[in-house]
Amino acid sequence: MPTEPFHPSRVSAAERVVEKYMRLPFLAVALALLPVAATAQEETPPPSDVAVETIGLKPGEARTFVLRPGGHHQLLVPAAIDDQGAISVSYTDTAGKSAITVTSALGPMTYKVLSDPTGSGGYVDAGTFTMRGNGTATTETFNRDLGAIVVGEFKQAG
């Protein structure tokens, strides 16, 4: 017996209702799993050498990194000083006076510094600064010991 090709108009209303409601459990499960999948994706930590949004430095330390987008955060990925887009930050403290030197060729950018002068973990705002971004070093000096610092929130100046 030859079969006729399928045509939507030949499906009864009852069959369409059954088909529609058969899909609902699958749709419900898929929708229920969406937040779990999104949370798992957001909670995947970056590699151990990648900082999220800020880097911490103690006197005498220096770090070089490139900025990369990451989920809802800015990632600071370790790099060589001659890598394209590299930003180098060094921090010194001599005789109770601190200096932060930033070098990059990314164009003028602002960045924020938090300091922990007492070593208690209570970071305070040390200021927002602008680096030249033309490949020459920009140094900010402080007539006080900043203690440990956190540098971050890099944004194009303008």
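Using this note's numbering, read the sequence shown as starting at 7 and increasing by one per residue. For glycine and all other residues, C-beta sits at the position ideal for the given N, C-alpha and C.
Mapping DSSP to helix, strand and coil, what is R74?
Of the three classes helix, strand and coil, the one that applies to R74 here is strand, per DSSP.
By alpha-carbon positions, which one of G158, K161, V119 and A154 ends up nearest to G102?
For the residues G158, K161, V119 and A154, the minimum Cα distance to G102 belongs to A154.
Taking 8 Å as the cut-off, does the CB of A68 come closer than this to any heavy atom belonging to the ligand FMN?
In the structure on display, the ligand FMN does not appear, and there are no ligands present to speak of.
Mind checking T109: buried by the 16 CB within 10 Å criterion, or exposed?
That one is buried.
If I measure Cβ to Cβ from F105 and keep anything under 6 Å in the same chain, skipping five residues before and after, which residues do I get?
One point to set straight first is that residue 105 is Ala, not Phe, in the sequence displayed. Within the same chain, A105 has close Cβ partners T98, T145 and T147.
Among L82, P65 and G77, which has the Cα closest to the Cα of S54?
Selected option, being the one with the closest Cα: L82.
Is the beta carbon of N140 less than 9 Å from the beta carbon of G164?
Their beta carbons are not under 9 Å apart, which means N140 does not touch G164 by this criterion.
Please report the straight-line C-alpha distance between H79 and E59, rounded to a whole angstrom.
Rounded to whole angstroms, H79 to E59 spans 6 Å at the Cα level.
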